[in-house]
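Undergrad: Count along the sequence shown starting at 1, add 4, and that's the number in our numbering. We put the beta carbon where it would ideally sit given N, CA and C, even for glycine. Dropping the structure in here first, questions after.
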Amino acid sequence: MDRALHHAFLRRLPREVLVCAACAVVLSASGCVANQPVISRPPTLGSELISLDAARDCGLLTHAEYTERRAETIALWIAIATTPVQTRSTEVAK
Numbered sequence: 005m006d007r008a009l010h011h012a013f014l015r016r017l018p019r020e021v022l023v024c025a026a027c028a029v030v031l032s033a034s035g036c037v038a039n040q041p042v043i044s045r046p047p048t049l050g051s052e053l054i055s056l057d058a059a060r061d062c063g064l065l066t067h068a069e070y071t072e073r074r075a076e077t078i079a080l081w082i083a084i085a086t087t088p089v090q091t092r093s094t095e096v097a098k
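Here's what the structure looks like:
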């Protein structure tokens, strides 16, 4: 009887080891993916103007609305481009 139990244990061992190894791989891989930062970028001026053109071409905007929104979009991008970038001071407060 002991010999039969020993053989049954040896037959099951590789499968259990394989399952444990697979679980370890899956858990470690999911941890690496979960900590990746999500990078989102704002639309470019070109993509915004293309969207406005498409809305006008589809009839969603009148010519007057298109002209107004196009001017607003360009003005906003000029304002963003001319705004100085503020950085945090590296000085340590005493």
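Could you spell out the range, first to last residue, of the alpha helix (DSSP H) harbouring residue 74?
TA: Here residue 74 is taken as the residue at index 70 of the sequence shown, counted from 1. Counting along the chain, the alpha helix (DSSP H) containing residue 74 begins and ends at 67-86.
Undergrad: Could you check whether residue 77 and residue 64 sit closer than 8 Å to each other, using their CB atoms as the reference points?
TA: Numbered from 1 along the sequence shown, position 60 holds the residue referred to as residue 64. Numbered from 1 along the sequence shown, position 73 holds the residue referred to as residue 77. No.
Undergrad: Are the beta-carbon atoms belonging to residue 74 and residue 49 less than 8 Å from one another?
TA: Here the question's residue 74 lines up with position 70 in the sequence shown. Here the question's residue 49 lines up with position 45 in the sequence shown. No, Cβ-Cβ distance for residue 74 and residue 49 is not below 8 Å.
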